[in-house]
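Heads up: the protein sequence lines correspond to chains A and B, in order.
Everything in the first sequence is counted per the numbering used here, starting at 10 for the first residue and increasing by one.
Everything in the second sequence is counted per the numbering used here, starting at 10 for the first residue and increasing by one.
Beneath this line is the structure, given in structure tokens, with notes to follow.
2 protein chains.
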Amino acid sequence: MNNFPSKLVEEAVNELSKLPGIGRKTAIRLALHILRKEPSHAQNLGNAIIDMRNNIKFCTSCHNVSDTDVCHICANPYRDKSLICVIEDVRDMLAIENTGQYTGVYHILGGVISPMDGIGPENLNINSLVNKIANNTVKEIILALRTTIEGDTTNIYLYKKIKNNDVKVSVIARGVAIGDELEFTDEITLGRSIVNRTPYETLIID
Amino acid sequence: MNNFPSKLVEEAVNELSKLPGIGRKTAIRLALHILRKEPSHAQNLGNAIIDMRNNIKFCTSCHNVSDTDVCHICANPYRDKSLICVIEDVRDMLAIENTGQYTGVYHILGGVISPMDGIGPENLNINSLVNKIANNTVKEIILALRTTIEGDTTNIYLYKKIKNNDVKVSVIARGVAIGDELEFTDEITLGRSIVNRTPYETLIID
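Spelled out as structure tokens, the structure:
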């Protein structure tokens with residue numbers, strides 16, 4: 010769409026459409042919405058974006074986004090520092106935290122190894138993980154990456170880097186999702202869930 | 010999702026998720042994308058939003074968004090000021106401009122009459138349209154509102170307000186979309202396209 014009625018709107022639409030998943034039509038809709046609202050709304054939105062980017066810190070221990078040098082999970086004395094869950098990004102952390110089932114700390118890799126996307130081990134936070142483990146205070150590493158070829162490749166790479174240390178390496182359980190019916194579960198998942206069957210007693214939660 | 014790792018991120022996510030069609034998960038994805046990009050990117054985005062909202066003007070003639078008091082379409086001496094196309098908002102103008110088929114000017118209503126949404130005639134730019142017509146320089150009004158009950162209601166309301174003036178009132182053609190197959194066209198559209206059939210000669214464009 011050319012012939013924009015206003016350079017100001019055009020500029021805002023151009024910037025908004027740089028965001029992922031936001032095309033030109035959506036960007037126009039967002040810009041018109043912002044124009045209909047109070048100026049304070051635009052001010053808050055714009056400042057929140059700029060403030061976040063300028064003042065954000067990354068936790069020196071787990072690479073989580075944080076307002077302080079060490080994030081609130083790593084700084085929490087009640088979290089088990091000997092248990093580290095390796096995840097791709099902050100969203101995975103939010104999802105796991107929401108379950109209320111995890112009391113250890115995290116290590117954010119920043120992605121998975123994906124030669125197709127030009128992401129090699131050197132682009133991920135792997136060295137800092139290996140160094141943490143070399144300190145001998147870590148008892149278990151839980152690999153919680155996506156269950157794709159890229160995720161599995163990264164799991165193997167990490168396992169080889171870690172295995173010489175005295176640390177248990179586990180991977181999150183894969184199987185039939187709770188609430189799913191067997192006939193609609195894909196064959197690979199169903200096959201694995203039979204091969205990797207677990208003792209019934211593990212299902213009984215006190 | 011609670012327990013956000015950073016107040017800065019939380020604030021940006023809260024503001025982003027106030028935008029239409031952007032839920033909390035999408036807002037988190039956008040915030041993480043902004044964090045991965047250069048700070049200048051966030052700066053440009055934030056400033057473009059604030060600048061647009063603070064400095065935008067609305068055309069005193071057609072209510073279009075504009076950087077000047079009169080928009081570039083109303084200010085263009087080659088546009089036919091005696092032909093006014095009545096539309097809901099700026100997006101409709103962009104869509105019609107893109108066709109390259111229209112040489113008149115626009116009048117932006119700001120919506121359609123919709124009692125369900127609490128929008129009455131007093132909330133729309135109707136008086137300024139009636140005043141423009143009363144000046145006797147307008148020859149034709151094209152009603153180009155959405156083809157729904159609300160749009161039709163608004164068309165009737167406008168027609169009653171305008172009809173006593175010496176002005177032609179027309180409505181954009183409704184019928185089978187070009188490229189559509191008849192069997193997939195809804196009955197109401199197909200029925201109307203037969204009742205309101207047009208002479209074959211009108212299809213021949215020189």
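Think of the CB as a built atom: it goes at the ideal place given N, C-alpha and C, for glycine as much as any other residue.
In this text, all values refer to a predicted model and were calculated from it rather than measured experimentally.
Neighbouring residues, chain B, relative to residue i (Cβ below 9 Å)
i, result
"Q52 of chain A", "I58, I59, R62 and N63"
"P48 of chain A", "I59, R62 and N63"
Neighbouring residues, chain A, relative to residue i (Cβ below 8 Å)
i, result
"H42 of chain B", "L28 and P29"
"N136 of chain B", "The premise fails here: N136 of chain B is roughly 20 Å from chain A at the closest Cβ pair, so nothing lies under 8 Å."
For residue i, the nearest candidate out of the options (CA to CA)
i, options, result
"P130 of chain A", "A:Y115, A:Y209 and A:Y168", "A:Y168"
"S179 of chain A", "A:L138, A:V95 and A:K34", "A:V95"
"A104 of chain A", "B:K34, B:L17, B:E210 and B:G30", "B:K34"
"G120 of chain B", "B:G188, B:P29, B:R100 and B:S91", "B:R100"
"S75 of chain B", "A:C80, A:Y111, A:F13 and A:R206", "A:F13"
"A36 of chain A", "B:I43, B:I135, B:I58 and B:L41", "B:I58"
"M125 of chain B", "B:T162, B:Q110, B:L154 and B:H116", "B:T162"
"R219 of chain B", "B:D98, B:C71, B:T112 and B:C80", "In this structure chain B extends from 10 to 215, so residue 219 of chain B is not present and cannot be described."
"I117 of chain B", "B:P48, B:V139 and B:D175", "B:V139"
"N23 of chain A", "B:F193, B:E20 and B:N53", "B:N53"
"N173 of chain B", "B:N145, B:V185 and B:E192", "B:N145"
"I181 of chain A", "A:C71, A:Y166 and A:G160", "A:G160"
"H81 of chain A", "A:N56, A:D189, A:V114 and A:N132", "A:V114"
"I151 of chain B", "B:N136, B:D189, B:V204 and B:E97", "B:E97"
"E196 of chain B", "B:G184, B:R206, B:L17 and B:G188", "B:G184"
"E15 of chain B", "A:A51, A:K27, A:D78 and A:R206", "Reading off the sequence, residue 15 of chain B comes out as Ser, not Glu. Measuring from the Cα of S15 of chain B, the nearest candidate turns out to be A:D78."
"N64 of chain A", "B:C68, B:K66, B:E47 and B:N73", "B:E47"
"V147 of chain B", "B:K90, B:M61 and B:D60", "B:K90"
"R38 of chain A", "B:L199, B:R38 and B:I31", "B:I31"
"R134 of chain B", "B:L191, B:K177 and B:C71", "Reading off the sequence, residue 134 of chain B comes out as Asn, not Arg. It is B:C71."
"I93 of chain A", "A:I187, A:I142, A:A84 and A:N136", "A:I142"
"F67 of chain A", "B:R45, B:I122 and B:P208", "B:R45"
"A40 of chain A", "A:Y166, A:I128, A:E20 and A:S49", "A:E20"
"V176 of chain B", "B:E149, B:T194, B:G127 and B:N132", "B:E149"
"A51 of chain B", "A:N164, A:A51, A:D60 and A:I43", "A:D60"
DSSP beta-bridge partners of residue i
i, result
"E116 of chain B", "As written in the sequence, residue 116 of chain B is His, which differs from the Glu given in the question. Answer by DSSP bridge pairing, in chain order: B:V95."
"F193 of chain B", "Answer is none; F193 of chain B lacks a bridge partner."
"I128 of chain A", "A:S123"
"D89 of chain B", "B:G113"
"L75 of chain A", "Note that residue 75 of chain A corresponds to Ser in the displayed sequence, not to Leu. Bridge partners of S75 of chain A: A:K66."
Interface residues of chain B facing residue i [CB-CB closer than 8 Å]
i, result
"G129 of chain A", "Correct list: empty, because the minimum Cβ distance to chain B is about 17 Å."
"I37 of chain A", "V99, R100 and L103"
For residue i, the first and last residue of its enclosing alpha helix (DSSP H)
i, result
"E159 of chain B", "I158 to I171"
"S137 of chain A", "N136 to A143"
Endpoints, the beta strand (DSSP E) within which residue i is located
i, result
"K177 of chain B", "K177 to V180"
"I122 of chain B", "Premise fails: I122 of chain B is in no beta strand (DSSP E) and is neither H nor E."
"I151 of chain A", "E149 to L152"
Cross-chain neighbours of residue i in chain A, by beta carbon under 9 Å
i, result
"I96 of chain B", "Ordered by position in chain A, no residue passes the 9 Å Cβ test against I96 of chain B, which lies about 12 Å from the chain."
"G120 of chain B", "None at all; the shortest Cβ gap to chain A is about 10 Å."
"E24 of chain B", "H50, N53, L54, G55, N56, A57 and I58"
Contacts that residue i makes with chain B (C-beta to C-beta distance below 7 Å)
i, result
"S70 of chain A", "Chain B residues near S70 of chain A: none, gap ~12 Å exceeds 7 Å."
"L17 of chain A", "D60, M61, N64, I65 and D76"
"A21 of chain A", "A57, I58 and M61"
"V99 of chain A", "P14 and L41"
Chain-ordered chain A contacts of residue i [CB-CB under 7 Å]
i, result
"H81 of chain B", "P14"
"N73 of chain B", "P14"
- Message: Suppose only complete runs of 4+ residues qualify. What are the alpha helix (DSSP H) ranges in the region 10–56 of chain B, listed by chain order?
- Response: The qualifying runs are 16–25 and 33–45.
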